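To start, the structure itself, in structure tokens.
Residue numbers (the working numbering), protein chains in the order written: chain X, 68 to 323; chain W, 794 to 807.
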């Protein structure tokens, strides 16, 4: 039996909106530590790993594991019926075939209830090995999103080079090429604009910008983003949540 | 030309 309450429906609404474009049917595994979702996009280029810890909920109970098999777009559609500041409760009996969502306004004189039909989804799970990343960059999520959007005007691919001088994003296409370089910096006024680079060795990887723009939709969830890269391996891109994270594993492009 | 890799060539499905 799962019963989880959020003080503001917006906390879940914006997470689901951020990941819905990449995912379809997926299983949300619920247990006493919280809700977890791991799902590949249909092209197997990006793996989304979401964790919502139980302490992020105002009330949380899940005495036995519950798997919520659903289409993420259906969940997004139902969540659209909730006001951002509604109190949201998720409820599902063990082995139930429905997820009950209730939305209450703070004065509790309006309560909506939606029952989302659940499905049996036999989803493949990928084992993500612990990886020592050569480079870790913590930067403003909005600045990353903006930098990549600018370069997507030039090309469908971006090359990211990280060395001790900083991090360079570059793209080259028919109309020309462009690049943006950030030096490591500490911004005392607002820390989120700092660029923090931890490097064991320089690394350069290229990625598809369409998928990257889907990933950076999560910029609304966290003021900073952590990019982790190592030669020849998928990048790990993480947006921290108050009690959990939205993490993406992103396969690179290589020179043919 | 560049080739897009798939995660399947990095991560094993459990």
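We put the beta carbon where it would ideally sit given N, CA and C, even for glycine. As the structure is a prediction and not an experimental result, all values here were calculated from the model.
* Answer with buried or exposed for residue 255(X), where buried requires no fewer than 16 other C-beta atoms within 10 angstroms of its C-beta. => exposed
* To do: Tell me, to the nearest whole angstrom, how far the beta carbon of residue 266(X) is from that of residue 229(X); I am working on the premise that it is less than 8 angstroms.
  => 6 angstroms
* Quick one: any contact between the region 284–292 of chain X and the region 236–246 of chain X, if contact means 3 or more CB pairs under 8 angstroms? -> no
* Which first and last residues belong to the beta strand (DSSP E) in which residue 303(X) is found? -> 302–308
* To do: List the endpoints of the continuous alpha helix (DSSP H) containing residue 80(X).
  => 77–86
* To do: Mind the definition here: the region 210–222 of chain X touches the region 189–196 of chain X only if three or more C-beta pairs lie below 8 angstroms; say whether that holds.
  => no
* With a cut-off of 8 angstroms, does the C-beta of residue 109(X) fall near any C-beta of chain W? -> With a threshold of 8 angstroms between beta carbons, residue 109(X) makes no contact with chain W.
* Give me the Cα-Cα distance between residue 310(X) and residue 119(X), rounded to the nearest whole angstrom. => 6 angstroms
* To do: Note the first and the last residue of the continuous beta strand (DSSP E) segment covering residue 230(X).
  => 224–230
* Asked: Under 8 angstroms between C-beta atoms, does residue 89(X) make it to chain W?
  -> False, the Cβ-Cβ gap to chain W never drops below 8 angstroms.
* Look at the Cβ atom of residue 76(X), then the Cβ atom of residue 146(X), and state whether they are nearer than 8 angstroms. => yes
* Run of the alpha helix (DSSP H) containing residue 145(X), from where it starts to where it stops -> Run containing residue 145(X): 139–146, per the alpha helix (DSSP H) assignment.
* Asked: Could you check where the alpha helix (DSSP H) with residue 61(X) kicks off and where it finishes?
  -> Here chain X has residues from 68 to 323 only, and residue 61(X) is not among them.
* What number of angstroms, rounded off, separates the C-alpha of residue 178(X) from the C-alpha of residue 169(X)? -> 7 angstroms
* Is the beta carbon of residue 274(X) less than 8 angstroms from the beta carbon of residue 320(X)? -> yes
* Asked: Among all the DSSP beta bridges, which residues are the ones paired with residue 249(X)?
  -> 234(X)
* Asked: For residue 279(X), does the three-state DSSP call read helix, strand or coil?
  -> helix
* For residue 195(X), return the contacting residues in chain W, with the cut-off set at a CB-CB distance below 8 angstroms. => Going along chain W in sequence order, the residues near residue 195(X) (Cβ under 8 angstroms) are 804.
* Asked: Hey, would you say residue 121(X) sits closer than 8 angstroms to residue 100(X), going by beta carbons?
  -> yes
* When the Cα of residue 220(X) is compared with those of 240(X), 207(X), 231(X), which residue comes out closest? -> 240(X)
* To do: Please name the residues in the region 255–275 of chain X whose beta-carbon is closer than 8 angstroms to at least one beta-carbon of chain W, in chain order.
  => Legend: CB atoms of the region 255–275 of chain X lying less than 8 angstroms from CB atoms of chain W belong to residues 273, 275.
* Asked: Taking C-beta to C-beta, are residue 136(X) and residue 109(X) nearer than 8 angstroms?
  -> no
* Alpha carbon of residue 301(X) to alpha carbon of residue 262(X), nearest angstrom -> So the two alpha carbons sit approximately 21 angstroms from each other.
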